[in-house]
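Structure record follows, encoded as structure tokens.
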Amino acid sequence: MAPLLFIFDLFSDMNLILKIFVFMTLVSWVKNHLGSGALSWILIAGLTYFVLFDGWAIFGPIYILYMLLMFGISGIIIDFFFIGAGGPPPAPEEGMESPVSSGVDIQKRMQEHAAHNTAARMMRR
1178 MAPLLFIFDL
1188 FSDMNLILKI
1198 FVFMTLVSWV
1208 KNHLGSGALS
1218 WILIAGLTYF
1228 VLFDGWAIFG
1238 PIYILYMLLM
1248 FGISGIIIDF
1258 FFIGAGGPPP
1268 APEEGMESPV
1278 SSGVDIQKRM
1288 QEHAAHNTAA
1298 RMMRR
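Printed below as a string of structure tokens:
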């Protein structure tokens, strides 16, 4: 039973550390936008109470998601859902094919164009 209690203590410690980071983010954001006057300290106190104590169930997961996105997890998500999804385009049943169905035809045209330009340059000499 003791290791299970240790895990819950670890979660509460991580929650405290996360709240400290959120507090530092709030202070930095308010000071950058309002300076360090009395209004900014009142706003820091109000936002800190609202975000860290009253609305932590909402703002905690949002802050974790924000930090993950800032650390580059969004690139992995984009690669997984958008770039890696699907496969080759389906074969056309009837009618004309899309003019740009994949990058292969563009690459082939670029190589032909480069070969034509090289030959034209050699002929000019």
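Our numbering numbers the first residue of the sequence shown as 1178 and each following residue consecutively. Ideal placement from N, C-alpha and C gives every residue a C-beta, glycine not left out. These numbers were taken from a predicted model, which means no experiment stands behind them.
Next on the checklist: Below 8 Å on the Cβ atoms is my contact criterion, and I expect Leu1220 with Leu1229 to pass it. Report the Cβ-Cβ distance as a whole number of Å.
Outcome noted: Beta-carbon to beta-carbon, Leu1220 and Leu1229 are separated by about 14 Å, too far to satisfy the 8 Å threshold.
Next on the checklist: If you measure between the beta carbons of Phe1259 and Thr1225, is that distance less than 9 Å?
Outcome noted: Not a contact, by the Cβ cut-off of 9 Å.
Next on the checklist: Once DSSP output is grouped into helix, strand and coil, what is the label at Pro1212?
Outcome noted: According to the sequence displayed, residue 1212 carries Gly and not Pro. Coil, per DSSP.
Next on the checklist: With the cut-off set at 9 Å, would you say Leu1195 and Ile1239 are in Cβ contact?
Outcome noted: Not in contact: Leu1195 and Ile1239 (Cβ atoms no closer than 9 Å).
Next on the checklist: At the level of alpha carbons, what is the spacing between Ala1296 and Glu1289?
Outcome noted: Straight-line Cα distance between these residues: approximately 11 Å.
Checklist entry - DSSP three-state call for Phe1257: helix, strand or coil? => result Here DSSP, grouped into helix, strand and coil, assigns Phe1257 to helix.
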